[in-house]
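Visitor: Chains as they are written, first to last, in the UniProt record's numbering: chain A, 1 to 298; chain B, 1 to 298. Backbone N, C-alpha and C define an ideal beta-carbon position, used for all residues, glycine too. Let me give you the structure first, and then I'll get to my questions.
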């Protein structure tokens, strides 16, 4: 006698996949079949021991139990294993000449306040003063007037306003700008600092055990949108930041790194109400037209 | 310029694996490298969308948050995906002529009470009366006297004593026996019933969405041990049980299924203080000598 559903080491993944009933949606079946196949292949490849399996179960349990209203440890785990960036990349492949996307991150949790072009979004005074300029265009260089440029960043100590509600001014280092008739935007801020992701939970232990630091290199977040175009969620990275080669969440893309030039010119500084020297960076953003984005390659 | 640590879709898993530092233990590195490689391959294979990634994060989070002192939802998840049985199988491959191992399960949480051979472990009266006989031997048929036979099972309603502490007698359907000088054991009990694993959490939703029932076929648990031999943790399955072809945790092995014969003989029944007809099953257990077990095949 041979029973169809019985487990065997050789056919282990197939047996599990075969257990999915007729009512299983086709996409769920596709996802779970691939997941189970890879999961079983992993267990066999490393010949996972009982004890290692138990450590894995305990780790996943602790990760789930670390989640609360203000912390999502499974997203952190996905981030530090490169899964978040991979999913982001697969789903938002940029056309050759458009600005690359990168992860949204967990700090776009409040609406950025409307600001006039040129406004200073650094309300807490610390850090190196910095002028940000740029232009939003379509793929052929068409300037996009009235595009929205949503910006948020950490302060000179590496914290977002929402992490320090008692210390930082309300909506510090956030702004929603609209480009002028020539597609240009500009604003004043400070150079952001690198910062660690929360590393006092299970993911922190994983980083420590694998000899990794918990830091993200210095960056400003941007969401740029214009009618008739695909919006882009991206970062502008500071080219002399620490950790640019080892972003803990693998969010850095070469095309998003810019030099923050030191400008030692008291006159120009005075016009900006800056001290001299200050820093300046230029970041052009190219959007693709709606429907133009690549959906899949590979 | 090209930065070594930067993420790319093509090299995504390599980039993550390369981030592990020198301090990473060699076994941890081996496990995580394989895990990350399979995880990234899975994401690419199914082209996981942002929304599907979020559903996955939410599912894992809910699974972690369902765990408490008396429930381990991640073990359940591992069980229903066949991972627990796979790990068990890999780590406890039986030699050709020895009894196969299967999963321990979550209900061996209290010590079984010492019982005399022949004792009736069914203290709650329900169910079909059943005589269990068997013999513990070494690989060449050598009878093993004084071997311990630890037995536990569900009652006729499909519940273990620890699940119904207010209803079932203390240590109902549990017993620790010692084989006689001829290696034999025997005891009286009832035929166990199939039962569902807890299906009111995230794992239950997964089963429902994949058209699977939550049941395990009827079985008795055994841990058999003798000095100088490898102990075996296994089940004895009831051959006419429902769900034998579709155990939700994939624990059934062909070699562990036995007929529970109906005996319609008032005289033999009377000697056992049973009603007639009753059921009888024979289950021989063969242990391998210490050090004899296969550690790996693949």
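With C-beta atoms as the reference, is residue 277 of chain B less than 9 Å away from residue 263 of chain B?
Guide: Along the second chain, one-based indexing puts residue 277 of chain B at 277. Along the second chain, one-based indexing puts residue 263 of chain B at 263. Yes; because the gap between Cβ atoms is below 9 Å, this pair is in contact.
Visitor: Does DSSP put residue 175 of chain A in a helix, a strand or coil?
Guide: To locate residue 175 of chain A, count along the first chain from 1; it is residue 175. Here residue 175 of chain A sits in strand by DSSP.
Visitor: Under 9 Å, Cβ to Cβ, is there at least one residue of chain A near residue 32 of chain B?
Guide: Taking the first residue of the second chain as position 1, residue 32 of chain B is located at position 32. Cβ-Cβ to chain A under 9 Å: yes for residue 32 of chain B.
Visitor: Using beta carbons (cut-off 9 Å, strictly below), is residue 64 of chain A in contact with chain B?
Guide: In the first chain, counting from the first residue as 1, residue 64 of chain A sits at position 64. Yes, because at least one Cβ of chain B sits closer than 9 Å to the Cβ of residue 64 of chain A.
Visitor: Is residue 84 of chain A closer than 9 Å to residue 249 of chain A when the C-beta atoms are compared?
Guide: The count along the first chain starts at 1 and reaches residue 249 of chain A at position 249. The count along the first chain starts at 1 and reaches residue 84 of chain A at position 84. Yes. Within cutoff.
Visitor: Using only CA atoms, which one of B/229, B/255, B/212 and B/225 lies nearest to residue 236 of chain B?
Guide: Position 236 of the second chain, counted from the first residue, corresponds to residue 236 of chain B. When only C-alpha atoms are compared, the closest one is B/255.
Visitor: What ranges does the beta strand (DSSP E) occupy inside the region 159-231 of chain B, keeping only unbroken runs of at least 3 residues that lie completely in it?
Guide: 174-178, 184-190 and 219-225, all fully within the region 159-231 of chain B.
Visitor: By the 9 Å beta-carbon criterion, what residues does the region 108-129 of chain B contribute toward chain A?
Guide: Against chain A - using a Cβ distance shorter than 9 Å - the region 108-129 of chain B contributes no residues.
Visitor: Which term fits residue 197 of chain A, buried or exposed, when burial requires 16 or more other beta carbons within 10 angstroms of its beta carbon?
Guide: Within the first chain, the letter at position 197 stands for residue 197 of chain A. By the 10 Å Cβ count, residue 197 of chain A comes out buried.
Visitor: So who's on the other strand from residue 151 of chain B, going by DSSP bridges?
Guide: To locate residue 151 of chain B, count along the second chain from 1; it is residue 151. Residue 151 of chain B pairs with B/175 and B/222.
Visitor: Tell me the residue span of the beta strand (DSSP E) that contains residue 61 of chain A.
Guide: The residue you call residue 61 of chain A lines up with position 61 of the first chain. Per DSSP, residue 61 of chain A belongs to no beta strand (DSSP E); it is in the alpha helix (DSSP H), 50-65.
Visitor: Roughly how many angstroms lie between the CA atoms of residue 230 of chain B and residue 87 of chain A, to the nearest whole one?
Guide: Stepping through the second chain from its first residue, residue 230 of chain B is reached at position 230. Stepping through the first chain from its first residue, residue 87 of chain A is reached at position 87. C-alpha separation (whole angstroms): 46 Å.
Visitor: Thinking C-alpha only, which one of B/200, B/287 and B/191 is nearest residue 260 of chain B?
Guide: For this step, residue 260 of chain B is matched to residue 260 along the second chain. Closest by alpha carbon: B/191.
Visitor: Output, in chain order, the set of chain A residues within a Cβ distance shorter than 7 Å of residue 89 of chain B.
Guide: In the second chain, counting from the first residue as 1, residue 89 of chain B sits at position 89. 9, listed in chain order.
Visitor: I'd like to confirm the pairing. Which residues does DSSP put opposite residue 243 of chain B in its beta bridges?
Guide: As a position in the second chain, residue 243 of chain B is number 243, starting the count at 1. Beta-bridge pairing links residue 243 of chain B to no other residue.
Visitor: May I ask you to list the residues that DSSP assigns as paired with residue 143 of chain A?
Guide: Counted from its first residue, the first chain places residue 143 of chain A at position 143. Answer is A/137.
Visitor: Taking only three categories from DSSP, how would you classify residue 74 of chain B?
Guide: If you number the second chain from 1, residue 74 of chain B lands on position 74. Note: residue 74 of chain B maps to helix in three-state DSSP.
Visitor: Label residue 109 of chain A either buried or exposed according to how many other C-beta atoms from any shown protein chain fall within 10 Å of its C-beta, with 16 as the threshold for buried.
Guide: Reading the first chain from its first residue, position 109 is the one you call residue 109 of chain A. Residue 109 of chain A comes out exposed.
Visitor: What residues from chain B crowd round residue 19 of chain A, counting only those whose CB sits closer than 7 Å?
Guide: Here residue 19 of chain A refers to the residue found at position 19 when the first chain is read from its first residue. Going along chain B in sequence order, the residues near residue 19 of chain A (Cβ under 7 Å) are 212 and 246.
Visitor: Would residue 71 of chain A pass as a contact of residue 130 of chain A if the rule is Cβ separation under 9 Å?
Guide: Numbered from its first residue, the first chain carries residue 71 of chain A at position 71. Numbered from its first residue, the first chain carries residue 130 of chain A at position 130. Taking 9 Å as the Cβ cut-off, residue 71 of chain A and residue 130 of chain A do not qualify as a contacting pair.
Visitor: Tell me the DSSP secondary structure of residue 24 of chain B in three-state form.
Guide: Within the second chain, numbered from 1, the residue matching residue 24 of chain B stands at position 24. Residue 24 of chain B falls in the coil class under three-state DSSP.
Visitor: So which residues on chain B does residue 75 of chain A lean against when the C-beta distance must stay under 8 Å?
Guide: Residue 75 of chain A sits at position 75 when you count from the first residue of the first chain. The answer, in chain order, is 57.
Visitor: So with CB distances below 7 Å, who are the chain B contacts of residue 22 of chain A?
Guide: As a first step, residue 22 of chain A must be located in the first chain, where it is residue number 22. Under the 7 Å cutoff, chain B gives 211.
Visitor: Just how far apart, CA to CA, sit residue 48 of chain B and residue 36 of chain A?
Guide: The sequence position of residue 48 of chain B within the second chain is 48, counting from 1. The sequence position of residue 36 of chain A within the first chain is 36, counting from 1. Cα-Cα distance, rounded: 15 Å.
Visitor: Residues of chain A with CB under 8 Å from residue 53 of chain B, in chain order?
Guide: As a working mapping, residue 53 of chain B is identified with position 53 in the second chain. Under the 8 Å cutoff, chain A gives 78, 83, 84 and 87.
Visitor: Decide if residue 296 of chain B is buried, meaning its Cβ has at least 16 other Cβ atoms within 10 Å, or exposed.
Guide: Translated into positions along the second chain, residue 296 of chain B becomes position 296. At residue 296 of chain B, the pLDDT of 43 sits below 50, so the modelled position is not reliable and the matter cannot be decided from this model.
Visitor: Taking contact to mean 3 or more Cβ pairs, one atom from each stretch, closer than 8 Å, check whether the region 20-27 of chain B and the region 117-137 of chain A are in contact.
Guide: The region 20-27 of chain B vs the region 117-137 of chain A: no contact.
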